[in-house]
Every structure is written in structure tokens, then in C-alpha cells.
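Under the numbering used here, the first residue of the sequence shown carries the number 2, and numbering increases by one thereafter. Here is the structure we will look at.
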Amino acid sequence: MLEWLHELHSPEGISKIVEWAGSLAPYLMMGIIFAETGLLVGFFLPGDSLLITAGVLANPANPMHVEQVNVWFLWWTLMIFAVVGDQTGFYLGHKVGDAVWRRPDGRFFKRRHLIEAHEFYERYGGLAIFAARFIPILRTFVPFAAGMARMRYRAFVFWNIFGGVVWITSLLWAGYWLGSTQLANRLDKIIVIVIFVSFLPIIIGLARRWWKGPPAAAAAAATAETEPAE
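Shown next, in the form of C-alpha cells:
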């Protein structure tokens, strides 16, 4: 399973998927971005690594260039699908959030992800919608948690569009720039660093929870369980 996930997030794995998809590659990327941001089951899909690799593949100056991948077309469409994905997550959280909150863990659903997303939203409010764009897993669950918490819709739309535009633009065009440099030969290492930095907030949060000790962590979890949508 871990090997498969590593392949899915690696530049080589993403390149193989793009080559396999052919002319449908851009639409496959749109679907992945939508599923990762809008559907709870999509939390394992590549986001940051997909955007950076897509930028590299779109650069004609790079030997890995794929003709079907046009950076301008991807830029606009991926921004749209990222925003629509978060909107979908918010809508689902508003409509079925309480039922999902009570659901036990399954193969593709871990309740702890939703609890962490809810705590993150409660702590940072609207800014959490923007920040979560750059944090794997939270990127999937925070819009859902915001819908559960009945966040003011206009505020959500603002942070959703702002975050979606900045996230897609920064990583896609960073990849495009990398595609014209020698750094593209070390793309796998660059993506590992990006993913590590993205996960830092989660690592820090878990470290803080551990530092507080089991009783405090258990009390925080119990509070989150009993008050899902204040």
C-alpha cells in the first residue's frame, strides 16, 4: 500500500499516468484535484506533487514535456476545479456532516482526520480555508468541517477562491519554472521537500498534543466529539 502511494505521488508515477491518459490527461488532472479537495475519500490523492509535476510536463523546454499538457489551459481549469471541489466539500459538510461525524472508522475514512480538521478550523476560522490548501489531508477535510460548523457562506467563498487561486498558481507555475532549469533533474527530491514542509503543521500539532500528555489529548478529543458543529 505504501509503495503504491509513493508511486502515485512521485514525478515518475504521475508522468506514467499522464502518458497513459494521453489527450485526456488534463481532464484526469481536473478530476484528481476536484476529488482531493471535494470528496472525503480523495484525501490520499496527489495535490502538491501533481501540480508541480504538471508544470514541469507543460514546459516545452523540458525533455519530459508532454504535448497534451498546456500550462495556460491547466492554470485556469485547475483553479476552477479546486474552487468547485472546496465548495462541494462545504456543501456536503453542511448537509451530511453530522451523520459522517457519528460514523465509525472505515477503510477509506478515519474519524481522526475530521477531528483534526474541525480543531484546525475552530482555531483559525476563515484563514484555515486558505492555509489548508497547502496542507495534505486537511486540504480535503477542512472545507467539510467548515460546512459542519455552519461557517458564513460569503466568508467561505472568499477564502475558498483566494486559497484556490494562490495554491494552483504558485505550485503549477513553480513547476513550469523548474522545467526550464537543471533542478528538474532532481524533481523527486524537490517534491519530497515540498510534501515534508506541507506536513509540518500536522507534525507540530501532533507533537504539541503529545507534549500535553494523554489526559489532555483525550479531553480535547472528547470535547471535539461532543461539539462537532458549534
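Beta carbons are placed, not taken as given, at the ideal position from N, Cα and C, and that holds for glycine.
Note down, in chain order, each residue of its chain lying with its Cβ closer than 7 Å to the Cβ of residue i, except the 5 sequence neighbours on either side.
i	result
residue 69	23, 24, 26 and 27
residue 9	47
residue 66	58 and 60
residue 195	49 and 53
residue 129	121, 122 and 143
residue 92	148
residue 224	Note that residue 224 scores 46 on pLDDT, short of 50, meaning its location in the model is unreliable; the coordinates nonetheless yield the value given after this. Nothing meets the Cβ criterion.
residue 21	none
Between the options, which has its C-alpha nearest residue i's C-alpha?
i	options	result
residue 166	189, 75, 193 and 71	75
residue 78	149, 148 and 170	170
residue 58	186, 155 and 118	186
residue 199	133, 73, 94 and 105	133
residue 127	160, 191 and 98	160
residue 232	193, 149, 189 and 137	Since the first residue shown for the chain is 2 and the last is 231, residue 232 is missing from the structure and cannot be characterised.
residue 162	104, 86 and 188	86
residue 146	208, 188 and 41	41
Spatial neighbours of residue i within its chain, please: C-beta separation below 6 Å, excluding the five flanking residues on both sides.
i	result
residue 222	A caution first: residue 222 carries a pLDDT of 47, below 50, which makes its placement in the model too unreliable to give a value.
residue 39	86, 89 and 90
residue 95	148
Please confirm whether residue i and residue j have their CB atoms less than 8 Å apart.
i	j	result
residue 53	residue 176	yes
residue 101	residue 121	no
residue 56	residue 72	yes
residue 44	residue 6	no
residue 117	residue 139	yes
residue 63	residue 180	yes
Write down the C-beta distance between residue i and residue j rounded to the nearest angstrom, noting that I regard them as a contact closer than 8 Å.
i	j	result
residue 168	residue 135	6 Å
residue 81	residue 50	Between residue 50 and residue 81 the Cβ distance is about 20 Å, and since that is not below 8 Å, they are no contact.
residue 12	residue 172	With a Cβ gap of about 13 Å, residue 12 and residue 172 do not count as contacting.
Please return the same chain residues whose Cβ sits closer than 8 Å to the Cβ of residue i, not counting the five positions on each side in sequence.
i	result
residue 184	191
residue 37	43, 44, 46, 47, 48, 86, 140 and 141
Quiz item: Considering only residues of the segment 31-102, which uninterrupted alpha helix (DSSP H) runs meet the minimum length of 4 residues and lie entirely inside it, listed in chain order?
Solution: Uninterrupted alpha helix (DSSP H) stretches at least 4 residues long and entirely within the segment 31-102 occur at 49-59 and 72-102, given in chain order.
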